Amino acid sequence: SRDPASPTFGRWGSYSTSLYLPKDIIQDATRKAYAERRKWIDVFFPTMRTRALPFIPGGMVMADVYDNILGRSGVDRVDIPELGVGMLHQIGLRLHDKDDNPFPRLDAYEAPFDEWIYEVLNLINDDEGSKFYWREWVG
Numbered sequence: 013s014r015d016p017a018s019p020t021f022g023r024w025g026s027y028s029t030s031l032y033l034p035k036d037i038i039q040d041a042t043r044k045a046y047a048e049r050r051k052w053i054d055v056f057f058p059t060m061r062t063r064a065l066p067f068i069p070g071g072m073v074m075a076d077v078y079d080n081i082l083g084r085s086g087v088d089r090v091d092i093p094e095l096g097v098g099m100l101h102q103i104g105l106r107l108h109d110k111d112d113n114p115f116p117r118l119d120a121y122e123a124p125f126d127e128w129i130y131e132v133l134n135l136i137n138d139d140e141g142s143k144f145y146w147r148e149w150v151g
C-alpha cells in the first residue's frame with residue numbers, strides 16, 4: 013500500500029511483503045499443507061539484488077561476498093529473470109504432480125560455496141596487508 017496510515021504501507025510486492033513474515037511461520041504452514049496432501053511450495057531463493065536488500069541487516073555484505081566468490085570460481089549468478097522462470101517451472105512441476113518437494117531450492121548453485129563464504133565472512137578484517145582485507149571482498 014502507498015498509504016502511510018495503512019498497516020501494509022511499503023509492501024509493494026510479494027518479496028517485500030514476505031520480509032514481514034517470519035520464516036518459521038511459512039515453513040510450518042508448508043509442512044502442514046504437505047501433510048494434508050495439498051499442493052503448496054516454499055521456494056528457497058538466493059540472495060537477490062533487489063531494492064529491499066539494503067534493508068536486510070548484512071544483506072549487501074552477504075551479496076557482495078557471494079558475488080566475489082562466485083566470480084573467482086567462474087560461476088555465473090542466477091539473477092532475477094532466471095529465478096522468475098525457475099519459480100514458474102517449480103509451480104508447474106507441483107501442479108502436475110511431477111515434483112513432491114515442498115521446499116524446492118533455486119539457490120542450489122550457491123550451496124557448494126556456503127562454507128567458504130561463511131569462512132570469509134568470519135575472517136574479513138580491516139588490516140590492509142591481509143588477504144581478507146574487507147575491500148578485497150566487499151563492494
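Quick note on my numbering: the sequence shown kicks off at 13 and runs consecutively. All residues carry an ideal CB built from backbone N, CA and C; glycine is no exception. None of the values given here were measured: they were computed from a predicted structure.
query, result
"State the Cα-Cα distance for the pair residue 91 and residue 72, rounded to the nearest angstrom.", "15 Å"
"Just to confirm my understanding: we take residue 135, look at its own chain, exclude 5 residues before and 5 after, and list those with CB closer than 7 Å. What are they?", "144"
"In its own chain, which residues sit with a C-beta less than 8 Å from the C-beta of residue 53, not counting the 5 before and 5 after it?", "42, 102, 103, 106, 113, 114, 115 and 116"
"Per DSSP, what are the beta-bridge partners of residue 56 in this structure?", "117"
"What is the rounded straight-line gap between the Cα of residue 83 and the Cα of residue 119?", "16 Å"
"Is it the case that the Cβ atoms of residue 79 and residue 63 are separated by a distance below 9 Å?", "no"
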